[in-house]
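Colleague: Using this note's numbering, read the sequence shown as starting at 5 and increasing by one per residue.
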Amino acid sequence: MKYLAMPLQSIRSHLSYRRQNDDAEVSVVGGHQRRRLEYEGISGRDDDDVTTTGATLDDADRRIIFLNRPQIQKFCNNNISTAKYSVISFLPSFLFEQFRRYSNCFFLLIALLQQIPDVSPTGRYTTLVPLIFILSVSGIKEIVEDIKRHRADNEINHRMVEVLRDGNWTSVRWRDIGVGDIVKIPNNMFFPADILLLSSSEPQAMCFIETANLDGETNLKIRQGVPATAKYLETKDLLQLDGTVECELPNRHLYEFNGVLKENNKPTVALGPDQILQRGAVLRNTAWIFGVVVYTGHDTKLMRNSTSAPLKRSTVDTVTNTQILMLFVILVVLSLTSAILNFFWTRDYAKLYWYLGISEDLKSENAGYNLLTFFILYNNLIPISLQVTLELVRFLQAIFINFDIHMYYADTDTPAMARTSNLNEELGMVKYIFSDKTGTLTRNVMVFKKCSVARYMYEPGNTPEESTIVQNLIGKHNTAPVIKEFLTLLAVCHTVIPEKFEDGSIIYHAASPDERAIIEGARMFGYVFESRTPHYVEINALGTIERYEILNVLEFTSTRKRMSVIVRAPNGEIKLYCKGADTVIYERLSPEGQMHRDTTLQHLEEFASEGLRTLCCAVSVIPAEVYNEWKETYHKASTALQYRERKVEDASNLIENNLVLLGATAIEDKLQEGVPETIASLLDAGIYIWVLTGDKQETAINIGYSCKLISHSMDIIILNEGSLDATRDIIHRHVDELKSTDMKDCNVALVIDGQTLKYALSCDLKQEFLELCLVCRVVICCRVSPMQKAEIVECVTHATGAVTLAIGDGANDVAMIQKSNVGVGISGVEGLQAACASDYSIGQFRFLKRLLLVHGAWNYSRITKLILYSFYKNVCLYVIELWFAIYSGWSGQILFERWTIGLYNVMFTALPPFALGLFDKVCSAETMLKYPQLYKPSQDAKLFNVKVFWVWIVNALSHSVWLFWLPMMMAKGSIWYDGKTSDYLLLGNIVYTYVVVTVCLKAGLITNSWTWMTHASIWGSIVMWFIFMVTYSNFWPTIMLAPMFLGMDRMLFSTFVFWLGLLLIPITTLLPDVLFTIVHNTVFKSLTEAVRESEIRRYDPENVIRESKTSLGETARLLRSVFTRRANTRVETELELLHGYAFSQEEGGAVPQSVVIRAYDTNIPKPEGN
5 MKYLAMPLQS IRSHLSYRRQ NDDAEVSVVG GHQRRRLEYE GISGRDDDDV TTTGATLDDA
65 DRRIIFLNRP QIQKFCNNNI STAKYSVISF LPSFLFEQFR RYSNCFFLLI ALLQQIPDVS
125 PTGRYTTLVP LIFILSVSGI KEIVEDIKRH RADNEINHRM VEVLRDGNWT SVRWRDIGVG
185 DIVKIPNNMF FPADILLLSS SEPQAMCFIE TANLDGETNL KIRQGVPATA KYLETKDLLQ
245 LDGTVECELP NRHLYEFNGV LKENNKPTVA LGPDQILQRG AVLRNTAWIF GVVVYTGHDT
305 KLMRNSTSAP LKRSTVDTVT NTQILMLFVI LVVLSLTSAI LNFFWTRDYA KLYWYLGISE
365 DLKSENAGYN LLTFFILYNN LIPISLQVTL ELVRFLQAIF INFDIHMYYA DTDTPAMART
425 SNLNEELGMV KYIFSDKTGT LTRNVMVFKK CSVARYMYEP GNTPEESTIV QNLIGKHNTA
485 PVIKEFLTLL AVCHTVIPEK FEDGSIIYHA ASPDERAIIE GARMFGYVFE SRTPHYVEIN
545 ALGTIERYEI LNVLEFTSTR KRMSVIVRAP NGEIKLYCKG ADTVIYERLS PEGQMHRDTT
605 LQHLEEFASE GLRTLCCAVS VIPAEVYNEW KETYHKASTA LQYRERKVED ASNLIENNLV
665 LLGATAIEDK LQEGVPETIA SLLDAGIYIW VLTGDKQETA INIGYSCKLI SHSMDIIILN
725 EGSLDATRDI IHRHVDELKS TDMKDCNVAL VIDGQTLKYA LSCDLKQEFL ELCLVCRVVI
785 CCRVSPMQKA EIVECVTHAT GAVTLAIGDG ANDVAMIQKS NVGVGISGVE GLQAACASDY
845 SIGQFRFLKR LLLVHGAWNY SRITKLILYS FYKNVCLYVI ELWFAIYSGW SGQILFERWT
905 IGLYNVMFTA LPPFALGLFD KVCSAETMLK YPQLYKPSQD AKLFNVKVFW VWIVNALSHS
965 VWLFWLPMMM AKGSIWYDGK TSDYLLLGNI VYTYVVVTVC LKAGLITNSW TWMTHASIWG
1025 SIVMWFIFMV TYSNFWPTIM LAPMFLGMDR MLFSTFVFWL GLLLIPITTL LPDVLFTIVH
1085 NTVFKSLTEA VRESEIRRYD PENVIRESKT SLGETARLLR SVFTRRANTR VETELELLHG
1145 YAFSQEEGGA VPQSVVIRAY DTNIPKPEGN
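#1: Excluding sequence positions up to five away, which residues of its chain have a Cβ less than 8 Å from the Cβ of Asn1174?
#2: To the nearest angstrom, report how far apart Glu534 and Met421 are at their CA atoms.
#3: List the DSSP bridge partners of Asp198.
#4: The beta strand (DSSP E) with Gln228 in it runs from where to where?
#5: Taking the Cβ atom as the reference point for each residue, do Lys946 and Ile671 lie within a distance shorter than 8 Å?
#6: Does the beta carbon of Leu938 sit closer than 8 Å to a beta carbon anywhere in chain C?
#7: Helix, strand or coil for His738, going by three-state DSSP, please let me know.
#8: Among the candidates Leu558, Arg317 and Leu870, whose CA atom is the shortest distance from the CA of Trp2?
#9: Less than 7 Å between the CB of Ala644 and some heavy atom of the ligand COA, yes or no?
#10: Could you compute how far the alpha carbon of Asn448 sits from the alpha carbon of Leu856?
#11: Given a cut-off of 8 Å, decide if Pro917 and Ile1022 are closer than it, judged by their beta-carbon atoms.
#12: Use the C-beta contact count for Arg23: other C-beta atoms within 10 angstroms, 16 or more gives buried, fewer gives exposed.
#13: Less than 8 Å between C-beta atoms, sequence neighbours within five positions excluded: which residues of the same chain meet that for Ala514?
#14: Enumerate, from N- to C-terminal direction, the unbroken alpha helix (DSSP H) stretches of 4 or more residues contained entirely within the segment 988-1075.
#15: Put Arg617 into one of helix, strand or coil per three-state DSSP.
#16: Along the chain, where does the alpha helix (DSSP H) that runs through Ile957 open and close?
#17: Closer than 6 Å by C-beta to Trp173: which residues in its own chain qualify, once you throw out the five before and the five after it? Chain order, please.
#18: Would you say the segment 791-808 touches the segment 707-714, given that touching needs at least three Cβ pairs under 8 Å?
#19: Restricting to runs no shorter than 4 residues, where is the alpha helix (DSSP H) found entirely within the segment 118-169?
#20: Would Phe195 pass as a contact of Ala285 if the rule is Cβ separation under 8 Å?
#21: For the alpha helix (DSSP H) that contains Arg902, what are its first and last residues?
#22: Could you please give me the residues that DSSP links to Glu553 through a beta bridge?
#23: Measure the beta-carbon distance from Val273 to Leu281 and round it to whole angstroms, keeping in mind my assumption that it falls under 8 Å.
#24: When you compare each of Cys582, Gly698 and Met599 to Asn661 by their alpha carbons, which one comes out closest?
#25: If we ignore side chains and look at the alpha-carbon of each, how far apart do Thr424 and Gln208 end up?
#26: Suppose only complete runs of 3+ residues qualify. What are the beta strand (DSSP E) ranges in the segment 394-445, listed by chain order?
#27: What residue range is occupied by the uninterrupted alpha helix (DSSP H) comprising Leu1091?
#28: Count the other CB atoms, across all protein chains shown, that sit within 10 Å of the CB of Val958; report buried if there are 16 or more and exposed otherwise.
#29: Locate the alpha helix (DSSP H) running through Glu930, then write down its first and last residues.
#30: Can you tell me which of Val133, Val1027 and Ser107 puts its alpha carbon nearest to the alpha carbon of Gln119?
#31: Beta-carbon within less than 7 Å of Ser1037's beta-carbon, same chain only, minus the 5 sequence neighbours each way: which residues are those?
#32: Using CA coordinates, which residue listed in Pro574, Gln822 and Cys777 is at the minimum distance from Ala803?
#33: Please report the straight-line C-alpha distance between Leu340 and Thr1011, rounded to a whole angstrom.
#34: I'd like to know whether the C-beta atoms of Leu769 and Thr808 end up nearer to each other than 8 Å.
#35: How close, in whole Å, do the beta carbons of Ser205 and Pro1171 come, if the pair is a contact with beta carbons under 8 Å?
#36: Where does Ser85 fall in DSSP's three states?
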């Protein structure tokens, strides 16, 4: 019964595959079973994972879709959202996020306690109003940032597509598409939903799709509608479609689909993954397709592979949260201690100071009240203003990122965008970067760059006539015959489909981007591929039309590593043209065909060193009788019922021999601008870079070389294992080799494919695998699924505790972007899905360098200074209340006037934190970019950790001691001009003045970059206090406020003692800090400080940087012997990597390439689909 839902062809394919792979568990039919095994590493079963592929669907496990009729069942709409909040979820989600911070919980508690009558010494609303303000500012910021996400989602949801409704094609928004709608998708358009292919402009309902947005693969894939619907080429045909589509429920498996098409009064037709066009893919090389929507919105496979937008917190916030908890414990201890001391003081002195009116009843009643009073009095040790300042500073830092002209990509009019500001400082702590390849590192554009023919290297010219190779061909150079064969091979040996336009121009449609580049290369040399029919191809060879009959096509596979065509040339000769990896071509050369072997190898190594993708080219002439005999053998093999694939490969090997080497091609997989330089800088900054891609291993490694991520001095560990035991053995062996070197950081690159990764991430191997990965300098994971990407990021994040960053541009990168500490999306050609789900979006990969090394390092330094300084200034002032309690009988009496306490953080010390958080910088942007080593202090959290935090707290405590007792001793016994002595409030204002001056000067002491804003904030804050003093001292009785403050300015400013103290006490308090700074910057100078000093003195920092570098030459020499043991199966692979072999083409697709080219006749016009 297992095969009832399968088409006959799929049954044969399935049975054949099972015979060859008895150990493999294959549940997918048709052409996708191999890819699922090697690509989709999703393990475990849950409700979302259950599929029904290969079995008849039960009623409870299927979706029934009516064609050209209303749907009975209500399905998910096609509206997608990557935003964090909705109107309904905003308030609960926002409050949950805010009250994850212990500080906000603490302030809420204080605000509630202050509402108890006669408890708060600072008023009822001094905490509640700031807390409401904090939450309001945070809420507004979150709303503004989430509106940007909603706008990006709306841009996608409001795209237009043609839908067949009421017999006419109507343009509707993507969000309005429903399950069962019949849609028409034109060329180069993204699919708005998961669509069942009905028919297309191409023969036999074939179409080409690009899935780089889903799996990162650069080659095009073929999908084909079933024969029953291939004839629906016009609107009137679609209107007659009557029946149902029954398919499995939505799931996240990209390469699985099972369903049936039941047309009324017609046989039931089985449907498989070859008929599904997934949301996120793009239609290519196909004028149009008709299809039926089967899954919409968050039911699509793309969205099923995404995760909900997480609520991320920065590492600095987490550390701060923990320290706030510790301060809270200290606050409780201080409150209890003060309350107990008040009890003893009251017991001992109540009778002595009888005029205070402390009775026995009042003693017992006051015990609880006093505890709450002290709790409220000391609550300012935890600065409530910090949250407001942080939110505003982060918001403004995000604006700085948005308006950075150096991160603006003019080609697409794309500025950098901080989609969240909560992670600004996290950009300065990144230790691991996980990058997609296609569209992130590369442009997904391949260009023919060079070729080697008969010992000579050639490059294309502006015109064919300018090319040296054409001149040698026309000039009858002694290598002209070889050149002619080489150019003919480029123009004939491929599976490209040409499309001619009325103006004579030709566009090439190719499933393989490499083949398109080769065809374009042939055209640049004057050999133009013009037309294809089921039986022959025509080329224009330097003005001469030549027709080659296509006899056989021997397709490319990753096992064969080559493809060949057998043609009948115009002169009647039968020739085999072959291109592929140098290892497989060289072993098939005849003794006479190796004349240029060594020179070609040298050229291949030169091409590979430049990061170019290489293919070797060869030809052989086949006698007619040999070909006829082989033809019979090949026909038997291709029609065999058992072991067909193996027999076809054996038959191909019989004819692909006695080759004559012609030369080699070199194709550039064009990188985005500045990628090698960016990666080099990030590596110098101590960041580990992992590439996670769905593309093939050879392609990924080739890109690794071209972008300088992998160097030829690196050892490469390649893990391609087919079982758990083999994976365990190879991982254990390499881990043992690494341990034997006693080196933590090895110059080694690890390459692993998706199948092996599935085993490596299993429970019993995960720890050893991560141990191996974490000591490698570079890790490349190939053919991995979106969920595997997310799993890798999550594993490394949890295992290392380091800050991770994921960057990508496709929908397949969304899951890893959301799992990482920081997600960066590139607004690229693959759509905006990654950018919408990211924390930061940029236009090009190269902007990541400035985002991290400049904005990240600056923001980390700024935010950490802001936090430390905010705690410092609060402790500095409010601990003085503790010292004053010694003299006030532990009564909870405040030393300072109530409004001055409230305005301390709002006015008099509010500006210096803003100046530090917005304008301070250690070095200029140019220096930070030029010397990536300056990133390491922030990366290693040297500027903010538990030790640094408590050093600042102790420093603030010591300052509070000086700032209280020095004025106390100075004012003791002082008599003013009117004969009055100072009271507690006058002392409080003297102390308050010195505190304001001291903390403002402390801000100046820790400032690295002085701007006019810095000067204004520091000196302006001091001036602001004096202006306030004068103004506030004269409120009463004009304004019924502060009668106790009347005349305070005259009393304060009229004594010499005050002015002398203003000069000496802040200087005395800060003198130890100044001496420590001088000694530290002289004796224990860090690299950053040395470079900053050089920059200030206008010296070249190069000498400082050079002195700090340690020689790695000996380390590199020792590491060369680490991985000398290689499995025999790896030798050929490593040789291919050395020579740059890479070729992208779909394997095991819906339609074999040899069948595709036989279906096309480019001389016949295509249907228009009206």
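Built from N, CA and C at the ideal position, the CB exists for glycine as well.
Modeller: Judging by the given coordinates:
#1: For the purposes of this step, residue 1174 is taken as the residue at position 1170 of the sequence shown. Closer than 8 Å at Cβ, skipping near neighbours: Glu238 and Thr239.
#2: In the sequence shown, counting from the first residue as 1, residue 534 sits at position 530. In the sequence shown, counting from the first residue as 1, residue 421 sits at position 417. One C-alpha to the other measures close to 46 Å.
#3: Here residue 198 is taken as the residue at index 194 of the sequence shown, counted from 1. Paired residues: Tyr299.
#4: Position 224 of the sequence shown, counted from the first residue, corresponds to residue 228. Looking at the DSSP string, the run of the beta strand (DSSP E) that includes Gln228 is Leu224 to Gln228.
#5: The count along the sequence shown starts at 1 and reaches residue 946 at position 942. The count along the sequence shown starts at 1 and reaches residue 671 at position 667. In this structure, Ile671 does not lie closer than 8 Å to Lys946 by Cβ.
#6: Annotation note: the requested chain C is absent from the structure, which comprises a single protein chain.
#7: Sequence index remark: in the sequence shown, residue 738 carries index 734 (1-based). If DSSP states are grouped into helix, strand and coil, His738 belongs with the helices.
#8: Nothing about residue 2 can be read from this structure; the chain reaches only from 5 to 1174.
#9: This structure lacks the ligand COA, and indeed carries no ligand of any kind.
#10: One-based indexing of the sequence shown puts residue 448 at position 444. One-based indexing of the sequence shown puts residue 856 at position 852. Computed Cα separation, rounded: 25 Å.
#11: As a position in the sequence shown, residue 1022 is number 1018, starting the count at 1. As a position in the sequence shown, residue 917 is number 913, starting the count at 1. It is not a contact, given that the beta carbons lie outside the stated cut-off.
#12: As a first step, residue 23 must be located in the sequence shown, where it is residue number 19. The pLDDT assigned to Arg23 is 36, lower than 50, so where the model puts this residue is not dependable; a value taken from the coordinates is nonetheless given after this. Per the 10 Å Cβ criterion, exposed.
#13: Taking the first residue of the sequence shown as position 1, residue 514 is located at position 510. The answer, listed in chain order, is Leu224, Asn289, His498, Thr499, Val500, Ile501, Arg520 and Ile523.
#14: 988-1010, 1016-1036 and 1052-1057
#15: To locate residue 617, count along the sequence shown from 1; it is residue 613. Strand.
#16: Counted from its first residue, the sequence shown places residue 957 at position 953. Counting along the chain, the alpha helix (DSSP H) containing Ile957 begins and ends at Val950 to Ala975.
#17: Counting from 1 along the sequence shown, the entry for residue 173 is found at position 169. Excluding positions up to five away in sequence, the list reads Glu166.
#18: no
#19: 132-161
#20: Numbered from its first residue, the sequence shown carries residue 195 at position 191. Numbered from its first residue, the sequence shown carries residue 285 at position 281. Yes, the Cβ-Cβ distance between Phe195 and Ala285 is below 8 Å.
#21: Taking the sequence shown and counting its residues from 1, one reaches residue 902 at position 898. Arg902 to Leu907 is the extent of the alpha helix (DSSP H) around Arg902.
#22: Within the sequence shown, residue 553 is the residue found at index 549, counting from 1. DSSP output for Glu553 lists Tyr540 and Arg572 as bridge partner(s).
#23: Locating residue 273 in the sequence shown gives position 269, counting from the first residue. Locating residue 281 in the sequence shown gives position 277, counting from the first residue. At roughly 17 Å, the Cβ-Cβ gap does not stay under 8 Å, so Val273 and Leu281 are not in contact.
#24: By 1-based counting over the sequence shown, the position of residue 661 is 657. With distances taken between Cα atoms, Asn661 lies closest to Cys582.
#25: Residue numbering aside, residue 424 sits at position 420 when the sequence shown is read from its first letter. Residue numbering aside, residue 208 sits at position 204 when the sequence shown is read from its first letter. Rounded to whole angstroms, Thr424 to Gln208 spans 49 Å at the Cα level.
#26: 434-439
#27: Residue numbering aside, residue 1091 sits at position 1087 when the sequence shown is read from its first letter. Leu1091 to Ile1100 is the span of the alpha helix (DSSP H), which, as asked, contains Leu1091.
#28: Here residue 958 refers to the residue found at position 954 of the sequence shown. Val958 should be labelled exposed.
#29: For the purposes of this step, residue 930 is taken as residue 926 along the sequence shown, with counting starting at 1. Segment Ala929 to Lys934, the alpha helix (DSSP H) holding Glu930.
#30: Taking the first residue of the sequence shown as position 1, residue 119 is located at position 115. When each option's Cα is compared against that of Gln119, the closest is Val133.
#31: By 1-based counting over the sequence shown, the position of residue 1037 is 1033. Excluding sequence neighbours, Ser1037 sits near Phe1049, Leu1050, Gly1051, Met1052 and Asp1053.
#32: To locate residue 803, count along the sequence shown from 1; it is residue 799. Comparing Cα positions, the closest option is Cys777.
#33: As a working mapping, residue 340 is identified with position 336 in the sequence shown. As a working mapping, residue 1011 is identified with position 1007 in the sequence shown. Taking the straight line from one Cα to the other gives about 38 Å.
#34: In the sequence shown, residue 769 corresponds to position 765, counting from 1. In the sequence shown, residue 808 corresponds to position 804, counting from 1. Going by C-beta atoms, Leu769 is not nearer than 8 Å to Thr808.
#35: By 1-based counting over the sequence shown, the position of residue 205 is 201. By 1-based counting over the sequence shown, the position of residue 1171 is 1167. About 6 Å; that satisfies the 8 Å criterion.
#36: For this step, residue 85 is matched to residue 81 along the sequence shown. Reduced to three states, the DSSP call for Ser85 is coil.
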